[in-house]
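A.B. asks: Residue numbers (my numbering): 6 to 405.
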Ligand code: SAH
């Protein structure tokens, strides 16, 4: 049960209310002039302007740089069980098309701030639900939220994957386990774009699968018929399986994880695809260089690296990394080949990423054109008032 009682308030410094008025859901410690009452971490507090007028309401964590995460701008709305029920219902309604599509049984149901539920991620995998509690405000409501998800979704089990670094910024340890029901016996077989994938909900990356690339796997597959494909940062073969089903002639999966590569091969077999597969385990920066030295050439290269920039201080190194692998990727393409390249670093804007690709193409003297600009699927929506929710961007380019 969450009764939603307001247990205090924070008053903002003069001139610091603008972002709240503009509905950005974060209140930073530096914007706060004083606290009223004695709210405990996780409690609901009101956010007031310097004159004491109500601006918004959210949950409180004095241990975080983001002291309040805002939940409502309506003074009459209580943050009780009914509130979470309504918010979950709205998030589900936003994904109605996906929920009714039998070709896709794994997708994101709740995308935190972007769905008006800061700190809460809920992903659906067939009959299982995977939850991430990214903030203390969600951590303290975990029991009530688990009960709500049980009631509304009636899953076989609810798995928690709060084993993420950002929890440290909230003063929370990492945690993973079963919140309700049974853990799947081994992997869960899900469908995406009509194809089958095994997902390990307890130990896989993120909540098990890179759900944010669903639409892009389909878009990239449109260039795969007859192609020799290099799938760098392959993980469990999402792009390889979709391309194989679209008629790729041959796929080379490259990843630093031998387990992921094995799983990628298994996923191709699982879909009865006879696509010849080569698996190369190693550091992509070195392997790509070696493939260039060997004179290898492909018709389609996918580059989907992990996040390179975790802070502004890492931005320069990250852009150098992106430029490096994209230069190598371009050099591995036959003239007229297609490069599908991604960045999931939120700090690297689409504009900056485009500039990096420009620099790469000039340096390797390959004329390149953008065919498509890519982002995450609609189950990872981006609120205009919370641009931080946009982290994944990509380009499909033709490289002459
Ligand atoms: N394209 C995948 C997701 C990629 S996630 C999909 O569609 O599901 C990033 C992958 O890069 C992970 O599988 C990780 O094991 C791998 N990785 C991380 N650093 C690497 C490196 N330096 N060289 C090769 N692979 C790396």
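By construction, the Cβ of each residue, glycine as well, lies at the ideal position given by its N, Cα and C atoms. Note that the coordinates shown come from a computational prediction; the quantities given were computed from them, not determined experimentally.
Comparing C-alpha positions only, which one of 117, 38, 11, 9 sits nearest to residue 20?
C.D. replies: Considering only alpha carbons, the answer is 38.
A.B. asks: What did DSSP end up calling residue 123 once you bin it into helix, strand or coil?
C.D. replies: It is coil, neither helix nor strand.
A.B. asks: Find the nearest neighbour of residue 221 within the set 382, 393, 392, judged by alpha-carbon distance.
C.D. replies: Of the candidates 382, 393, 392, the one whose C-alpha sits nearest the C-alpha of residue 221 is 382.
A.B. asks: Which residues bound the alpha helix (DSSP H) around residue 254?
C.D. replies: Careful: residue 254 lies outside any alpha helix (DSSP H) and carries neither H nor E.
A.B. asks: Is residue 290 near the ligand SAH, going by C-beta to nearest heavy atom under 7 Å?
C.D. replies: Because some heavy atom of the ligand SAH lies under 7 Å away, the Cβ of residue 290 counts as near it: yes.
A.B. asks: Hey, quick one: how far does the alpha helix (DSSP H) through residue 77 stretch, first residue to last?
C.D. replies: Run containing residue 77: none in the alpha helix (DSSP H); it sits in the beta strand (DSSP E), 71-77.
A.B. asks: Run through DSSP, which three-state label would residue 340 get?
C.D. replies: Three-state result, residue 340: strand.
A.B. asks: If you measure from the CB of residue 351, is any heavy atom of the ligand SAH nearer than 7 Å?
C.D. replies: Residue 351 Cβ: outside cutoff for every heavy atom of the ligand SAH.
A.B. asks: Per DSSP, what kind of secondary structure is residue 84 in: helix, strand or coil?
C.D. replies: In the structure shown, residue 84 sits in coil (DSSP, three-state: anything other than H, G, I, E or B).
A.B. asks: Can you have a look at residue 311 and say buried or exposed, based on whether 16 or more other CB atoms are within 10 angstroms of its CB?
C.D. replies: Label assigned to residue 311: exposed.
A.B. asks: Whole alpha helix (DSSP H) runs in the stretch 314-359 with 4 or more residues, listed along the chain?
C.D. replies: Runs found: 320-336.
A.B. asks: Quick check: what's the CA-CA separation for residue 127 versus residue 137?
C.D. replies: Going from the Cα of residue 127 to the Cα of residue 137 covers about 7 Å.
A.B. asks: Let me check one thing: in DSSP terms, what residues is residue 59 bridge-paired to?
C.D. replies: Paired residues: 53.
A.B. asks: Taking 7 Å as the cut-off, is the CB of residue 243 close to at least one heavy atom of the ligand SAH?
C.D. replies: Yes, the Cβ of residue 243 comes within 7 Å of a heavy atom of the ligand SAH.
A.B. asks: Specify the secondary structure class of residue 182 as computed by DSSP and reduced to three states.
C.D. replies: DSSP places residue 182 in strand when its eight states are reduced to three.
A.B. asks: When we look at the beta-carbon of residue 356 and count the other beta-carbons within 10 Å, is it buried (16 or more) or exposed?
C.D. replies: Exposed.
A.B. asks: For residue 333, collect the residues of the same chain with a Cβ closer than 7 Å to its Cβ; drop the 5 residues on either side in sequence, then sort them by chain order.
C.D. replies: Excluding residues within five positions, the ones whose Cβ falls inside 7 Å are 293, 294, 297.
A.B. asks: Taking the straight line between their C-alpha atoms, what separation do you get for residue 215 and residue 67?
C.D. replies: About 32 Å.
A.B. asks: Spatial neighbours of residue 260 within its chain, please: C-beta separation below 7 Å, excluding the five flanking residues on both sides.
C.D. replies: Here the set comprises 238, 239, 240, 266, 286.
A.B. asks: Let me check understanding here. Comparing Cα to Cα, which of 43, 42, 22, 41 lies closest to residue 33?
C.D. replies: For the residues 43, 42, 22, 41, the minimum Cα distance to residue 33 belongs to 22.
A.B. asks: In the DSSP assignment, what are the bridge partners of residue 214?
C.D. replies: Beta-bridge pairing links residue 214 to no other residue.
A.B. asks: Identify which residue in 314, 196, 234 has its Cα closest to the Cα of residue 281.
C.D. replies: Checked all of 314, 196, 234; the closest Cα to residue 281 is 234.
A.B. asks: So, under 8 Å CB-CB, residue 63 and residue 44 are touching, yes? Tell me the CB distance rounded to an integer number of Å.
C.D. replies: Contact flag wrong, Cβ pair sits at about 11 Å.
A.B. asks: Identify whether residue 175 lies in helix, strand or coil by the three-state DSSP scheme.
C.D. replies: Correct three-state label for residue 175: helix.
A.B. asks: Where in the stretch 131-161 do unbroken runs of the beta strand (DSSP E), each at least 3 residues long, occur, reported from the N-terminal end onward?
C.D. replies: Entirely contained in the stretch 131-161, the beta strand (DSSP E) runs reaching 3 residues are, in chain order, 133-138.
A.B. asks: DSSP beta-bridge partners for residue 165?
C.D. replies: Paired residues: 136, 182.
A.B. asks: Compute the minimum distance between the beta carbon of residue 250 and the heavy atoms of the ligand SAH, and state whether it is under 7 Å.
C.D. replies: Checking every heavy atom of the ligand SAH against the Cβ of residue 250, none is found closer than 7 Å.
A.B. asks: From the beta carbon of residue 152, is the nearest beta carbon of chain D less than 8 Å away?
C.D. replies: No chain D appears in the structure shown, which is made up of a single protein chain.
A.B. asks: From residue 134 to residue 160, what distance separates their C-alpha atoms?
C.D. replies: Roughly 6 Å between the two C-alpha positions.
A.B. asks: How many Å lie between residue 103 and residue 114 at the Cα?
C.D. replies: Cα to Cα, residue 103 sits roughly 10 Å from residue 114.
A.B. asks: For residue 191, name the three-state secondary structure that DSSP assigns.
C.D. replies: Reduced to three states, the DSSP call for residue 191 is coil.
A.B. asks: Hey, would you say the C-beta of residue 238 is under 7 Å away from at least one heavy atom of the ligand SAH?
C.D. replies: Yes; taking the cut-off as 7 Å, the Cβ of residue 238 has a heavy atom of the ligand SAH nearer than that.
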